[in-house]
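Everything on this sheet refers to the single structure shown next.
Residue numbers (UniProt numbering): 1 to 339.
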């Protein structure tokens, strides 16, 4: 809560006996309050919470790794790993749902749901991917969460060296983060598997929404000329820029923060080994493999944790979920309700 002396009342007079909004008034704020209560803000697995926060204060070149669990509120994620399927947190059907991929394995002649995301299978039969693609593209109404805002805030404070994200929703860029590498690609562009003709999301979107396969308009080999979103499929190489940036960043980074990633999928799986000399913090709901060494493990809801980090550092974390102050126009003036 803000200090009333540090943040004085607005010059505009409040009405007598006026009820001021408090944190938790809205359903979203109440939800964040509830998850905050489950987080231990006194210690981490490895030291004190204060010591972990102090690393954020002192560090000037922070590497952030974000995964599917780091953006839990209204965030689209696709987990490119065996058995994981599609996250249902954003209302996206799971592989095992009634109309999910598991229920239609025989129809599409699939051995496993992951076949849909294998490049060899896609080239032979792109229809299953396109059939389920409407579940994979993000809704433009989805907004960046506190974690996205936190990464953007670090960049604004010139503390962000790089954000390596495993998410394919593009919400980092929507939040305004520029120093980001989408390790698993994104839906923002698409290419022909034969001639590499490039299409924008606006061009391929109608096909993804209707489930109709998009064939390349420039390629005469219709059977091979299939347009595929620029997300990394099984059997494809990850972006060549990854190794170049890692080599550059490990020489400069003074802190690495992993948020919501299991660190099981390469190339991200090797990032701690590649930056073994750099202090590391994990922000996650669950602890990871004991072989993965972190200086601090901040266990709990990532939104609640980054909110507390910013509160202790005196940073304003602007977010659609939890505002540090509610500003309303009253009687021709601005009234600041401190929450």
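Cβ atoms here follow ideal geometry from the backbone N, Cα and C, with glycine treated the same way.
Using a Cβ-Cβ cutoff of less than 8 Å, which residues in the same chain neighbour residue i once the five nearest sequence positions on both sides are dropped?
i           : result
residue 122 : 116, 129, 193, 226, 228, 233
In terms of alpha-carbon separation, which member of the options lies closest to residue i?
i           : options            : result
residue 56  : 151, 303, 200      : 151
residue 63  : 279, 253, 205, 314 : 253
residue 200 : 211, 186, 316, 268 : 186
residue 311 : 214, 153, 270, 267 : 153
residue 178 : 283, 160, 111, 235 : 160
residue 292 : 316, 280, 162      : 280
residue 241 : 295, 191, 183, 316 : 183
residue 257 : 248, 299, 211      : 299
residue 47  : 295, 309, 314, 313 : 295
residue 45  : 243, 297, 267, 314 : 297
residue 155 : 180, 134, 283, 286 : 180
residue 309 : 124, 137, 147      : 147
Whole angstroms is fine: what's the gap from residue i's alpha carbon to residue j's?
i           : j           : result
residue 169 : residue 198 : 19 Å
residue 239 : residue 230 : 10 Å
residue 307 : residue 107 : 46 Å
residue 112 : residue 118 : 10 Å
residue 218 : residue 132 : 25 Å
residue 202 : residue 277 : 43 Å
residue 275 : residue 109 : 43 Å
residue 259 : residue 120 : 32 Å
residue 149 : residue 175 : 7 Å
residue 216 : residue 188 : 17 Å
residue 235 : residue 144 : 30 Å
residue 79  : residue 313 : Because residue 79 carries a pLDDT of 28, less than 50, the predicted location of this residue cannot be relied on, and no value is offered for it.
residue 50  : residue 66  : 22 Å
Taking buried to mean at least 16 other C-beta atoms within 10 Å of its own C-beta, is residue i buried or exposed?
i           : result
residue 127 : exposed
residue 290 : exposed
residue 262 : buried
residue 301 : buried
residue 209 : exposed
residue 162 : buried
residue 273 : exposed
residue 172 : buried
residue 114 : buried
residue 316 : exposed
residue 287 : exposed
So if DSSP puts residue i in a beta bridge, which residue, or which two residues, is it bridged to?
i           : result
residue 361 : Because the chain is modelled from 1 through 339, residue 361 falls outside the range shown and cannot be assessed.
residue 275 : Residue 275 is not bridged to any residue.
residue 118 : 234
residue 229 : 190
residue 164 : 65, 181
residue 200 : 189
residue 215 : 226
residue 280 : 256
Within the same chain, show all residues whose beta-carbon is closer than 7 Å to that of residue i, passing over the 5 residues directly before and after it, in chain order.
i          : result
residue 59 : 159, 254, 255
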